[in-house]
Structures are given as structure tokens and as C-alpha cells.
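K.L.:
Residue numbers (our numbering): 14 to 704.
Quick reminder that beta carbons are idealized off the backbone N, C-alpha and C, glycines included.
All values derive from a computational prediction rather than experimental measurement.
Quick one: this structure, given as C-alpha cells, is what I'll be asking you about.
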């Protein structure tokens, strides 16, 4: 529409016409005491808003602030209808004379974007428009006695009654409603100021100062209007000054944006060196935009994503009320993006000018950042490289290598030498065989081997891949620690199996030598008693009594065997009772702490055997006077500690008991530590994960 592109073509002449009509109505009014002064104030205030609004509207067509300012100016001109000497325009002026106040509240709550961003703001503006029409209409329907001077007011076409009580009621309700609306508007303005970012406050400060003061004075004016005197005059003068200052401060803001745009462009060219780094360009943009939180992200074409000034991947955040993203393109291709304060969206000229000036530097820096991104990627690849990598020809000659530690090898020792010159013959043959197979078959090959350095054997894993028609790569990793862990695991498993075999043989011997012999003897005694039942009852009874005693001893021996396999008290009464039983059998005083915590059955069994073996060792070797046992849950782990005050110096590798405990704990993914400094006692600590 032409109004949006060139609003001055219509609203400019219309303002002139409306202003002329207002002058005519005011100067010819027969009920205006000061027509000349009223005319001057009316034109000055209204035209200030209209002119400032048209300038802002033309500068920023998509921003409704200019449109609202023009509406305020026209609303002020509409108050001149009240000065008419005829009933129809006078009545209309009486009813619409306060609409400009509602438009002014709309302007203040929507500044600087021209849009109401909150539901409470929209509700208050709708209520203000309704009150601006309903309250004057009610006042016109129930007016007080005619007060126009020097002549009587024109006829009021909506007059219903001049009842004094009705007039007082409508006036009181109108005043209360107006004060509530102004207080609500002021509260919303204060709340928005408190939530505003520094960049937003820079825009709001001048207009909010004058506009907020005007809102306060309007509320005061509605309260003191029924009264005459110096106070009313002072409020009116102050209100005119602050109200009229709003359009001038708005124009000052537009001029400040223009100056800031020039200064910002100058900052880009002066503060940013000719060969500035991406970080320096970002700092220059922050200074030009007056936003210390602004960030620059560069489009990384190869990766298909944005990166920051250091070349790290950067995900653009979504637009919010406080932070937005402005993307910069060149020839339909993304160049960079600026994450900045959302308040800069209300200064499009500043943002566009500065980003346009910085576009060249950003395009150049885009290449630098891409190099950084590639360097970061290659650095990550290099950090993931194996211990050694060799390039070897099919004939077995080294043509290059990569060693993270240059002290491991020297280039003049490797390059140009043959594999058979550097490796034992058997290993060299295996290397060439695997490398040539990788070249011929096109599939990776792998071997494992050992080498001895300074009396220490190290294990390696070598992988081979073709790198050309007559060349292959040999990628080497040291796997000594892995092999050692595998060996320890296999040894632990072997010890567990051997311990199980030993326990089975021990159980077999105990059964054969103890309970089995008693049961055989019991069987013979019962058979003999069976034969004597009739011929010798007394002898049979004596044999049965002996058999009963033999059976009791056999049962006791079986219980002892079962206790050695798994303590019955642990199954029947839990870990705490089992540990107390161990403490009761110990010749030393034993203090138990925390054993009442709930643990899984297999963990309780491991804890029991740790304490049992540790107490046995204390009794045999420690020469201690007291023992302390602690069982607790800690961060998903069961911790069992047995500490004594003995002579220390225990060797966990010397005895089979502690090694067996370590294997038992390791089978539950736990670990067993023994601290035994000479002269300072011994502490056995087991940690077993609960999950």
C-alpha cells in the first residue's frame, strides 16, 4: 500500500488540513477562554507527534512505532472538536477527546518495535481504548452544570440527566478506572525495563523517561482535575512538557542510530586491523554493535556446519526474546552468522550497515576458520594415531614413518633401511609376508609379536594395509599392558579352578576319613543289632544306643564340613551375625562397624571370607592387640576393611590365602588392596561394586 511505502503523501496533507480545521475551531470558539494559547499548544503538540511519526514510519516501514505516533498526533487534533460552536462536533469531541491518551499508552507499551509482546500489555491497551470512549460518553450522558466561558456550551446530544449524584458516580468510576490503567501501564514499563538487556535499555532510556513520567502525571491529573488551583496548573504544565518531549526524544533516537551506524562502520574499519584474526573481527563487531555478548560463527563448507572463531563446531541457538541470529550470505552462499542481542533488531539500519561493512572481513576470515577447523580435525586424527606407523615397499625397504615420540626412532636410522636389518629374521619374514598379502589381496592383515628392550619384553600388535601398488603401511601399537592384564586374568582363573579342585579334594578326604567311616560303622552296628533283637535283646539295645551316638557324631562332622563350605549363620542370620560369630571366636578384641547394611548375597559371602581370612592372618602373624572391621556402602560400592595395630610388613603375594581372596573379589569385578608398612599395622581393604 502507498501508506506503507510513502505515508507522508496522505498523512502529511491530511495533517495540514486537520491542523487548519483545529485552528479554525479553536480561534472561533465562543466557549474557550484562551483561544490563542490553546491553538499554539494544540498545533505544537500534535504536529510534533505527526512529524516525528512520519519520519520514523518512512525510515522503518515495518515498525509500527511511527504509525502509533502519527495516531497520537491526530488524536490530539481531534480534541479541537470540543471547541466547536455546534452540537454535533462538540458532542463528538466530548466523547473522543481522550482517545489520544489510550493511543499514547499503546505507543509506550509497544515501543520500540511497535508491537505488544505480552498478553498483559494487550489486555491493558484494549481496556484503555474502551475506557477512553466509555468514560467520556458516561460523563456526557450525566454532565454537571454548564461551565463553558464566556458563553454557554453547545447542546450535548447524548445528555440523559444532569443529576448531581449520577455525575459524581460516573466521574468517580472514570477516575478510578483511569488511575488503575495508568498504574498498570507504569508497572508494565518498570517490569520491562528491569528485564531488558543493556542494548535494549539503551533504546528505551530516553523515551521511557519522558513517557513514563507522562503516565504518572496523567494519573495525577485525573485525580486533581476536579480541583482548581496552582497544583492543577503545575501538573498540566509538567504534563505538556513531558508529553511533548516524547516525539523529540524519538527523533533523537533515530538520529543516534544514524550516528551510531556511521560510528559503527568507522569502528569496523579503524578498530579491526587489516590482517585481523577471527577473534579480533569478533571484538570489532562487539564494539561496533555495542553488544559485548555478540558472537560470530563462520560457515564451514566442507563440514556443512558453523564453527566459532577457534574452529570448533558451533550450533546456532534458536531465536529468543533476548538473543537472535543474523545470517550473512554472499552470492546465495552462507558466509557467517552473528548471534546478538535481540534489541538490535529494532535498529535495522545500524545492524545492516555494520554487518555489511564487516562482510568482507568475515568472508576472508571464513577461509582462516576453515583452515583452523581442518587443523583441529587433523590434530584429532594425529592424536588418535598408533604408537608407530611405517611405510614399507614390497621389497622390504622403509620409505617413511610416523612416531609420536621422536626419541623412539631417528629418520636416518629407519628410512632407506631394510626390514631384515632392523628386525629379527623370523619377525621380518612375518612382516613382509603380512604386508605383501595386504597388497595382493587388498584386505588388512594383522600379526602380534614380542621384542626385548633393555631386558624387558614388550608386546606389539601390527596391522597392515595397502597404500599403493608396491607399498604398504605397517601400523604398530604396543599391547604390553593388555597382554599383562590378560595373563593376570588367566592366572586368576587358573587359581580359582585350582582352589576349587583343592577344596573338592579336601572335602572328599574329610568325608572319607570322617563322616563316611562313621556311617559305615553305623551300618555294621545296625545290622548286628538286627540279628540280636530276638536272641539277645539287651545286647541289641546296647548296640542301638552306640549307633545313636555314632550318628550324632556323624551329623556334627557333616555340619562342620558344611560350615567350611558356606557358613550356616551367614545364610540363616545375615552378615552382621556371621561377623559377630567370627569376632567371638577370635582371641583378640574385634570391633565391628556398619555390618548391618543390606548387601547382595554373593557380596556378603565375599565380605565374610575377606574378614575371616584377615582375622586368621592377624591372629597368626600380626602380634596385634585389637582389630577393627568396617563394612559400608559407598557410591554404589561395598567397602570392607580390616585394620589391626600389629607389626605390619605383610606380603600379599606370599600367602595363598590373600591371593585366593583377591581372586574371589576380582570375580565380582572388585579389587583387594593390602597396606602393611612395617611397624604401622596392616589394613586389608576390599571394594566390590554392587551393580
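Within this structure, are the beta carbons of residue 411 and residue 429 separated by less than 8 Å?
P.N.:
As a working mapping, residue 411 is identified with position 398 in the chain shown. As a working mapping, residue 429 is identified with position 416 in the chain shown. Their beta carbons are under 8 Å apart, which means residue 411 touches residue 429 by this criterion.
K.L.:
If distances are taken between C-alpha atoms only, which option among 416, 473, 469 comes closest to residue 444?
P.N.:
One-based indexing of the chain shown puts residue 444 at position 431. Among 416, 473, 469, the Cα nearest to that of residue 444 is on 473.
K.L.:
When the distance is taken between beta carbons, is residue 129 closer than 8 Å to residue 138?
P.N.:
Translated into positions along the chain shown, residue 138 becomes position 125. Translated into positions along the chain shown, residue 129 becomes position 116. Contact flag set, yes.
K.L.:
Report the rounded CA-to-CA distance for residue 693 versus residue 637, giving the unit in angstroms.
P.N.:
Taking the first residue of the chain shown as 1, we reach residue 693 at position 680. Taking the first residue of the chain shown as 1, we reach residue 637 at position 624. Using only the alpha carbons, I get a separation of about 10 Å.
K.L.:
Quick one, are the C-beta atoms of residue 662 and residue 689 less than 8 Å apart?
P.N.:
By one-based count along the chain shown, residue 662 stands at place 649. By one-based count along the chain shown, residue 689 stands at place 676. Yes, they are a contact pair.
K.L.:
Could you tell me the alpha carbon to alpha carbon distance between residue 560 and residue 634, rounded to whole angstroms?
P.N.:
Looking up residue 560 in the chain shown gives position 547. Looking up residue 634 in the chain shown gives position 621. Cα to Cα, residue 560 sits roughly 43 Å from residue 634.
K.L.:
I need the boundaries of the alpha helix (DSSP H) containing residue 599, first residue and last residue.
P.N.:
Within the chain shown, numbered from 1, the residue matching residue 599 stands at position 586. Counting along the chain, residue 599 falls outside any alpha helix (DSSP H), and DSSP gives it neither H nor E.
K.L.:
Check this for me: beta carbons of residue 603 and residue 623, under 8 Å apart or not?
P.N.:
Counting from 1 along the chain shown, the entry for residue 603 is found at position 590. Counting from 1 along the chain shown, the entry for residue 623 is found at position 610. Not in contact: residue 603 and residue 623 (Cβ atoms no closer than 8 Å).
K.L.:
Closer than 8 Å, CB to CB, is residue 147 near chain B or not?
P.N.:
No chain B appears in the structure shown, which is made up of a single protein chain.
K.L.:
Taking the CB atoms as reference points, tell me whether residue 214 and residue 206 lie closer together than 8 Å.
P.N.:
Indexing the chain shown from 1 puts residue 214 at position 201. Indexing the chain shown from 1 puts residue 206 at position 193. Yes, these two residues count as a Cβ contact at 8 Å.
K.L.:
Tell me the rounded alpha-carbon separation between residue 243 and residue 174.
P.N.:
Working through the chain shown from its first residue, we reach residue 243 at position 230. Working through the chain shown from its first residue, we reach residue 174 at position 161. Any reading at residue 243 is ruled out, since the residue's pLDDT is 46, under 50, leaving its predicted position unreliable.
K.L.:
Can you tell me whether DSSP reads residue 393 as helix, strand or coil?
P.N.:
Position 380 of the chain shown, counting from 1, holds the residue named residue 393. The predicted model places residue 393 with a pLDDT of 47, which falls under 50 and marks its position as unreliable, so this point remains unresolved.
K.L.:
Check each candidate in 617, 655, 646, 613 and name the one with the smallest Cα separation from residue 630.
P.N.:
For the purposes of this step, residue 630 is identified with residue 617 of the chain shown, where counting begins at 1. If we check each option's Cα against that of residue 630, 655 comes out closest.
K.L.:
Count the other C-beta atoms from every protein chain shown that fall within 10 angstroms of the C-beta of residue 92, then say buried if there are 16 or more, exposed otherwise.
P.N.:
Working through the chain shown from its first residue, we reach residue 92 at position 79. It counts as buried.
K.L.:
Using the three-state DSSP reduction, which class does residue 585 fall into: helix, strand or coil?
P.N.:
Your numbering for residue 585 matches position 572 in the chain shown. Correct three-state label for residue 585: helix.
K.L.:
Here's the rule: buried if 16 or more other CB atoms are within 10 angstroms of the residue's CB, otherwise exposed. What is residue 676?
P.N.:
For the purposes of this step, residue 676 is taken as residue 663 along the chain shown, with counting starting at 1. Flag for residue 676 reads buried.
K.L.:
Do you know offhand how far residue 192's Cα is from residue 314's?
P.N.:
Residue mapping note: residue 192 aligns to position 179 of the chain shown, counting from 1. Residue mapping note: residue 314 aligns to position 301 of the chain shown, counting from 1. Taking the straight line from one Cα to the other gives about 59 Å.
K.L.:
Contact defined as beta carbons within less than 8 Å: I believe residue 36 pairs with residue 54. What is the distance between those atoms, to the nearest angstrom?
P.N.:
If you number the chain shown from 1, residue 36 lands on position 23. If you number the chain shown from 1, residue 54 lands on position 41. About 12 Å separates the two Cβ atoms, so there is no contact after all.
K.L.:
According to DSSP, simplified to helix, strand and coil, what is residue 715?
P.N.:
Any property of residue 715 remains undetermined from this structure, which presents the chain solely from 14 to 704.
K.L.:
In three-state DSSP terms, what is residue 157?
P.N.:
Indexing the chain shown from 1 puts residue 157 at position 144. Coil.
K.L.:
What's the gap between the Cα of residue 248 and the Cα of residue 348?
P.N.:
Looking up residue 248 in the chain shown gives position 235. Looking up residue 348 in the chain shown gives position 335. If you take the alpha carbons of residue 248 and residue 348, they lie about 56 Å apart.
K.L.:
If residue 491 and residue 476 are in contact, beta carbons under 8 Å, what's the gap, nearest whole angstrom?
P.N.:
Residue numbering aside, residue 491 sits at position 478 when the chain shown is read from its first letter. Residue numbering aside, residue 476 sits at position 463 when the chain shown is read from its first letter. Contact doesn't hold; Cβ gap of about 13 Å is too wide.
K.L.:
Can you find the residues in the same chain that come closer than 7 Å, C-beta to C-beta, to residue 526, ignoring five residues on each side of it along the sequence?
P.N.:
Here residue 526 corresponds to residue number 513 of the chain shown, with the count starting at 1. Reliability fails at residue 526, whose pLDDT of 49 lies under 50, so the model's placement of it is uncertain and no value is given.
K.L.:
Pick helix, strand or coil for residue 354, following the three-state DSSP scheme.
P.N.:
In the chain shown, residue 354 corresponds to position 341, counting from 1. It is a strand residue.
K.L.:
Distance check for residue 468 and residue 684, CA to CA, integer angstroms please.
P.N.:
The residue given as residue 684 occupies position 671 in the chain shown. The residue given as residue 468 occupies position 455 in the chain shown. So the two alpha carbons sit approximately 30 Å from each other.
K.L.:
Whose C-beta lies closer than 8 Å to the C-beta of residue 681 among residues of the same chain, with five residues either side of it excluded?
P.N.:
Counting from 1 along the chain shown, the entry for residue 681 is found at position 668. Cβ neighbours of residue 681 beyond the five flanking positions: 615, 616, 619, 701, 702.
K.L.:
On the three-state DSSP scale, how would you describe residue 310?
P.N.:
Mapped onto the chain shown, residue 310 falls at position 297. Residue 310: strand per DSSP, three-state reduction.
K.L.:
Rank 132, 110, 177 by C-alpha distance to the C-alpha of residue 145 and give the top, closest one.
P.N.:
Start at 1 with the first residue of the chain shown, and residue 145 comes out as number 132. Comparing Cα positions, the closest option is 110.
K.L.:
Tell me whether residue 481 is buried or exposed, calling it buried when 16 or more other Cβ atoms sit within 10 Å of its Cβ.
P.N.:
The residue labelled residue 481 in the question sits at position 468 within the chain shown. Exposed, by the Cβ-count rule.
K.L.:
Under the three-state reduction of DSSP, which class applies to residue 488: helix, strand or coil?
P.N.:
Along the chain shown, read from residue 1 onward, the residue named residue 488 stands at position 475. Looking at residue 488 - three-state DSSP - the assignment turns out to be strand.
K.L.:
According to DSSP, what are the bridge partners of residue 477?
P.N.:
To locate residue 477, count along the chain shown from 1; it is residue 464. Answer is 458, 487.
K.L.:
Helix, strand or coil for residue 335? Go by DSSP, reduced to three states.
P.N.:
Working through the chain shown from its first residue, we reach residue 335 at position 322. Three-state DSSP puts residue 335 in coil, outside helix and strand.
K.L.:
For residue 12, name the three-state secondary structure that DSSP assigns.
P.N.:
Since the first residue of the chain shown is 14 and the last is 704, residue 12 is not available in this structure.
K.L.:
With a threshold of 6 Å on Cβ separation, who are the neighbours of residue 431 within its own chain once the five nearest residues in sequence on each side are excluded?
P.N.:
To locate residue 431, count along the chain shown from 1; it is residue 418. Taken in chain order, the residues that qualify are 409, 410.
K.L.:
Within its chain, find whatever has a CB closer than 6 Å to the CB of residue 63; leave out the 5 residues flanking it on each side and keep chain order.
P.N.:
If you number the chain shown from 1, residue 63 lands on position 50. Correct list, in chain order: 28, 83, 86.
K.L.:
Tell me the DSSP secondary structure of residue 47 in three-state form.
P.N.:
One-based indexing of the chain shown puts residue 47 at position 34. Coil.
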